[in-house]
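Structure first, then comments.
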Amino acid sequence: MPDPLLSIRDFSVVYDVDPPVRAVSNVDIEIQRGEIVGLAGESGSGKTTLAYGVQRLLKPPAVITSGSVVFHDESGEDIDLHSLNAEQMRRFRWDRISMVFQGAMNALNPVATIGSQLDDVFVVHRPGMNRRQRRDAVAELLDIVKVGAARARSYPHELSGGMRQRVMIAMALALHPQLMVMDEPTTALDVLVQREILKQISQLRREFGFSVVFITHDLPLLLEISDRIAIMREGKIVEFATAQQIWTDPQHEYTRSLLRSFPRLTGEKSVVVR
Amino acid sequence: MTTLEFTNVTKIYNVRGSGQIKALDDVSFTLESRKTIGLVGQSGSGKSTIAKILTQLEVPTRGEVLLDGAPIRRSGKGLRRYRQQLRMVFQDPFASLNPYHSIRHHIERPLRLDKVVPRDQVDDEVRRLLDRVRLDPDAILERRPHELSGGQRQRVAIARALASRPALLVADEPVSMLDVSIRLGVLNLLADLQREEGLGMLYITHDLATARHFSDEILVLNQGRVVERGPADDVILHPKDPYTRELRAASPDPEEFFRTASAQAAASTHSLGGMR
Numbered sequence: 087m088p089d090p091l092l093s094i095r096d097f098s099v100v101y102d103v104d105p106p107v108r109a110v111s112n113v114d115i116e117i118q119r120g121e122i123v124g125l126a127g128e129s130g131s132g133k134t135t136l137a138y139g140v141q142r143l144l145k146p147p148a149v150i151t152s153g154s155v156v157f158h159d160e161s162g163e164d165i166d167l168h169s170l171n172a173e174q175m176r177r178f179r180w181d182r183i184s185m186v187f188q189g190a191m192n193a194l195n196p197v198a199t200i201g202s203q204l205d206d207v208f209v210v211h212r213p214g215m216n217r218r219q220r221r222d223a224v225a226e227l228l229d230i231v232k233v234g235a236a237r238a239r240s241y242p243h244e245l246s247g248g249m250r251q252r253v254m255i256a257m258a259l260a261l262h263p264q265l266m267v268m269d270e271p272t273t274a275l276d277v278l279v280q281r282e283i284l285k286q287i288s289q290l291r292r293e294f295g296f297s298v299v300f301i302t303h304d305l306p307l308l309l310e311i312s313d314r315i316a317i318m319r320e321g322k323i324v325e326f327a328t329a330q331q332i333w334t335d336p337q338h339e340y341t342r343s344l345l346r347s348f349p350r351l352t353g354e355k356s357v358v359v360r
Numbered sequence: 035m036t037t038l039e040f041t042n043v044t045k046i047y048n049v050r051g052s053g054q055i056k057a058l059d060d061v062s063f064t065l066e067s068r069k070t071i072g073l074v075g076q077s078g079s080g081k082s083t084i085a086k087i088l089t090q091l092e093v094p095t096r097g098e099v100l101l102d103g104a105p106i107r108r109s110g111k112g113l114r115r116y117r118q119q120l121r122m123v124f125q126d127p128f129a130s131l132n133p134y135h136s137i138r139h140h141i142e143r144p145l146r147l148d149k150v151v152p153r154d155q156v157d158d159e160v161r162r163l164l165d166r167v168r169l170d171p172d173a174i175l176e177r178r179p180h181e182l183s184g185g186q187r188q189r190v191a192i193a194r195a196l197a198s199r200p201a202l203l204v205a206d207e208p209v210s211m212l213d214v215s216i217r218l219g220v221l222n223l224l225a226d227l228q229r230e231e232g233l234g235m236l237y238i239t240h241d242l243a244t245a246r247h248f249s250d251e252i253l254v255l256n257q258g259r260v261v262e263r264g265p266a267d268d269v270i271l272h273p274k275d276p277y278t279r280e281l282r283a284a285s286p287d288p289e290e291f292f293r294t295a296s297a298q299a300a301a302s303t304h305s306l307g308g309m310r
């Protein structure tokens, strides 16, 4: 039973340099409420540009040349993102769609405590909250992501990479968004920390019911965590299917070559020629 | 045939305020020509301390490192000769190349410093090395690191490491910062070079899948101690130590995942939590 959350139609982005680069061409994709969509492809395939473009976070020379993005709000209202003015867009972002940025561990302000950085989200987006409510909300968020409320007064350098990444996830969760876009959220972390964070994202999704767009070039990881996977190449989505289908019955030659390109933990040992 | 023995090495760091930290606890292994040892473990397990001791950036608190049976000199010519024998490839190919210098400069420098070939042959040798790592010398010699892709940069770093004709190579996460589609090419290049030049290699990583494919023997390090060691397939496919099992369970493994998923037939809505 389809229950779309975000409908992207005929979306294109061009980097207006000489010669112009078509970073995203005519992408159609629909994300369902509560599902995890994996977006895979190598560097330069346009996956980050697509994610940023949808939220109109791109800066010149990037130009959106075609397409529409409609957000089907849980209230039943359909919001055409391209019809929002700058102020409406600013309020929309983070409130309905939040992001965990690439290298997010290093995106925190080094001279402010993590508590005050989380507090900022509420100051900006929930002006009605008083100081005490905000403090409680920050404490709750830090508990949810298992950093612990006691760390609110810590500075980023006092936390490990995994903990800083959790703080970024707390920040993305703050306003109970309906969609979280995660751009390589665990790439810099080691496997044990990565697995722990992935489990947590899944648990939070079950609890809060948001959808996730998970961007990474780590296909083995995506196969395990995604409901559906979109394979991107040279600005186009070449294949979009369930993780199971991508694994057992890939349709596109490029998908097959991606699947062949990673060494298997337990499978055939043919990829590295020794 | 070159043999490097790392025998009963313990390394203790004195940390201001919090006393002593045992980074390595009685670690032993032997690195030799034509053999790859995979060193796996999570951040903080002591992998990099081993690399630092091997490159003589740190000195063991106890135990010793022997090259062909002899202790390593800590200074002067002896140290230089040792470093010529053992070279390193680092994780981040952007940070390990000097942004101000051309690729030619990077490869020429070790050739001149170690006087690997007579002066008038340096240029030919630079070209030969770039050929070795499958880069086109004419296209690349005068470029700067920022003009190259991550994969190309890592190939330059490998060519530089090979310049002094080492017998042993320490590769610290050499592909973890590269795209998945490029990783395999660089790993296969390292495997080719090892075969052709008879290199002994220490492959440091937290990626169990590549460790398994790339190594003969694997050492699993946890909190400075070797908790498991053995032939690569044994360690990864049939781990005995609880920590190795934990690492193995945390690593993405689509094969196993879909086997379990189809077994549970209720694969209609598999979720993150159902992973393992």
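Each protein sequence line maps, in turn, to chains A and F. Residue numbering for the first sequence follows the numbering used here, beginning at 87 and increasing consecutively. Residue numbering for the second sequence follows the numbering used here, beginning at 35 and increasing consecutively. Positions of the beta carbon are idealized from the N, C-alpha and C atoms, including for glycine. Because the structure is a prediction, the values reported are computed rather than measured.
The beta carbon of VAL167 (chain F) sits closer than 7 Å to the beta carbons of ARG189, ILE192, ALA193, LEU223 from its chain, once the five residues preceding and following it are set aside; these are given in chain order.
Counting of Cβ neighbours within 10 angstroms places ASN256 (chain F) among the buried residues, the total reaching 16 or more.
For MET257 (chain A), the uninterrupted alpha helix (DSSP H) segment begins and ends at 247-259. Non-local beta-carbon contacts of ASP250 (chain F) in its own chain, meaning distances under 6 Å to residues more than five positions away in sequence, involve LYS69, THR70 in chain order. With contact defined as three or more Cβ pairs closer than 8 Å, the region 154-161 of chain F and the region 232-246 of chain F are not in contact. DSSP, reduced to helix, strand and coil, places GLU66 (chain F) within a strand of the structure shown. Taking C-alpha positions only, GLY120 (chain A) is separated from ILE270 (chain F) by approximately 35 Å.
Counting only residues of its own chain and dropping the five nearest sequence neighbours on each side, VAL110 (chain A) has a CB closer than 7 Å to the CB of PHE97, SER98, VAL99, GLY132, THR135, LEU136, GLY139, GLY321.
In the DSSP secondary-structure assignment, GLY258 (chain F) is not bridged to any residue. According to the DSSP assignment, GLN118 (chain A) belongs to no alpha helix (DSSP H) but to the beta strand (DSSP E) extending over 107-118. Annotation for ASN222 (chain F): the continuous alpha helix (DSSP H) segment containing it runs 214-231. The beta carbon of TYR47 (chain F) is closer than 6 Å to those of ILE55, ALA57 in its chain, skipping five residues each way along the sequence. With respect to SER285 (chain F), VAL277 (chain A) sits close: the two C-beta atoms are nearer than 9 Å. In this structure, MET175 (chain A) sits away from MET266 (chain A), with a CB-CB distance that is not shorter than 9 Å. Put simply, the CB of SER77 (chain F) is near chain A, with a gap under 9 Å to one of its CB atoms. Boundaries around LEU101 (chain F) are those of the beta strand (DSSP E), 96-101, since no alpha helix (DSSP H) includes it.
Less than 9 Å divides the Cβ of LEU218 (chain F) from the Cβ of SER347 (chain A).
The beta-carbon of GLU231 (chain F) is placed no less than 9 Å from the nearest beta-carbon of chain A. For PRO90 (chain A), the uninterrupted beta strand (DSSP E) segment begins and ends at 90-101. Put simply, the CB of PHE248 (chain F) is near chain A, with a gap under 9 Å to one of its CB atoms. Closest in alpha carbon position to VAL197 (chain A), among A:GLU244, A:ASP159, A:VAL103, A:MET268, is A:GLU244. Look at TYR134 (chain F) here: in three-state DSSP terms it is coil, with no helix or strand label.
Taking the Cα of LEU253 (chain F) as reference, the smallest distance to any Cα among F:ARG177, F:THR89, F:PRO144, F:LYS81 is reached at F:LYS81. Using beta-carbon distances, THR352 (chain A) counts as an interface residue toward chain F, with a partner under 9 Å. In the three-state DSSP reduction, ALA297 (chain F) falls in the helix class (H, G or I). Taking a contact as a CB-CB distance under 8 Å, the pair LEU275 (chain A) and GLY248 (chain A) counts as one, their CB atoms being some 6 Å apart.
Among the residues of the region 121-146 of chain A, those with a Cβ less than 8 Å away from any Cβ of chain F are ILE122, GLU128, SER129, in the order of the chain. Residue environment for SER130 (chain F): buried (at least 16 other C-beta atoms within 10 angstroms of its C-beta).
In summary, the residues of the region 330-341 of chain A whose CB is separated from some CB of chain F by less than 9 Å are GLN330, TRP333, THR334, in the order they occur in the chain.
Closest in C-alpha terms to MET235 (chain F), from the list F:THR294, F:HIS180, F:ARG121, comes F:ARG121. By the neighbour-count criterion, in which 16 or more other beta carbons inside 10 Å mark a residue as buried, LEU351 (chain A) falls on the buried side. Counting only the Cα atoms, ALA295 (chain F) lies some 50 Å from ARG117 (chain F). The beta carbon of GLU280 (chain F) falls within 9 Å of a beta carbon belonging to chain A, placing the residue at that interface.
Within chain F, the residues ALA284 have their CB atoms less than 7 Å from the CB of ARG281 (chain A), given in chain order. Measuring C-alpha to C-alpha distances from GLU290 (chain F) to each of A:PHE157, A:THR151, A:GLY353 identifies A:GLY353 as the nearest. The distance from the Cβ of ALA126 (chain A) to that of HIS303 (chain A) is about 6 Å, consistent with a contact at the 8 Å cut-off.
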